[in-house]
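So for the sequence shown, the working numbering puts the first residue at 47; every next one is plus one. The next block holds one structure in the form of structure tokens; read it before the comments.
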Amino acid sequence: MSQNSRKILSSAILLMVIFLLWKNSDAIALNLQTSKDNLPTISVPFPPADSFNTVPMKTATVELDMFSTRANPTWVLTPANLEVLHSMLNSLPSTEPFEFADNLGYRGFVIEVPESDRTVLVKIYQDKIQYDLEGQTRFLLDRDRKVENWLLMSAKSNLPESLYLKVQNQIQNVNR
47 MSQNSRKILS SAILLMVIFL LWKNSDAIAL NLQTSKDNLP TISVPFPPAD SFNTVPMKTA
107 TVELDMFSTR ANPTWVLTPA NLEVLHSMLN SLPSTEPFEF ADNLGYRGFV IEVPESDRTV
167 LVKIYQDKIQ YDLEGQTRFL LDRDRKVENW LLMSAKSNLP ESLYLKVQNQ IQNVNR
């Protein structure tokens, strides 16, 4: 491809990108430049947050229920992670009502999902999951403990490595 053809193709692509991505944005300044080989380049500063019409995205807070005398570690699930969790919960079978043991040490995870008029609490420990939905308490069975292990993996960057490994060991070595 000749140098002239490359310039024309690059310019056409650049114009298409500008038109498709930024046609409705008055708040974004484009800086057109030429690269060292005389091809057009573009530099687009990230627009300020208030230039978007955003809808608040739903998130959830996860708590590792572990300590008795100090605050338990918490982290936030992204909207995408919340969708994964929702899908996992929907795939699990219901089970008979149960009570969680109130032991010392690792007691599972507690997830708070804020809704417009209430907060949904989901409790996960070993192969048992309990949550309230539309005024009814639901009990689920997760024989493979996929939800518990997935939540632990979601915590990896939010926990000290020693604590992560301790919880991982307890999850893997619990008698069923």
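Beta carbons are placed, not taken as given, at the ideal position from N, Cα and C, and that holds for glycine.
Beta-carbon proximity list for residue i, same chain, < 7 Å, skipping 5 on both sides
i, result
"Gln214", "Leu198"
"Asp111", "Asn118, Arg153, Gly154, Phe155 and Val156"
"Leu142", "Before going further, note that residue 142 is Glu rather than Leu in the sequence given. Here the set comprises Phe185."
"Lys104", "Pro125 and Leu128"
Exposure of residue i, with buried meaning 16 or more beta-carbon neighbours within 10 Å
i, result
"Gly151", "exposed"
"Asn70", "Caution is warranted here: a pLDDT of 44 is assigned to Asn70, below 50, making its placement in the model unreliable, and no coordinate value can be reported."
"Asp9", "Nothing in the structure corresponds to residue 9, since the chain is present only between 47 and 222."
"Glu161", "exposed"
"Glu207", "exposed"
"Ala201", "buried"
"Asp148", "exposed"
"Asp163", "exposed"
Neighbourhood of residue i by C-beta distance below 6 Å, restricted to the same chain and skipping five residues each side
i, result
"Gln216", "Tyr152"
"Thr120", "Thr107 and Glu109"
Residues bridged to residue i (per DSSP)
i, result
"Lys169", "Val156 and Gln176"
"Thr182", "Looking at the sequence provided, one finds Gln at residue 182 rather than Thr. Paired residue(s): Leu179."
"Leu198", "Bridge partners of Leu198: none, in fact."
"Val213", "Bridge partners of Val213: none, in fact."
Distance between beta carbons of residue j and residue i, contact taken as under 8 Å
i, j, result
"Thr107", "Val122", "6 Å"
Residue range of the beta strand (DSSP E) that includes residue i
i, result
"Ala106", "Ala106 to Leu110"
Chain-order list of residues whose beta-carbon lies under 8 Å from that of residue i (same chain, five-residue window excluded)
i, result
"Phe146", "Arg153, Gly154, Lys169, Tyr171, Lys174 and Gln176"
"Leu179", "Val166"
"Ser114", "Leu150"
Span of the alpha helix (DSSP H), counted from its first residue to its last, around residue i
i, result
"Leu138", "No alpha helix (DSSP H) holds Leu138; DSSP gives it neither H nor E."
Neighbour flag for residue i against chain C, beta carbons, 8 Å
i, result
"Asn118", "In the structure shown, chain C does not exist; there is a single protein chain."
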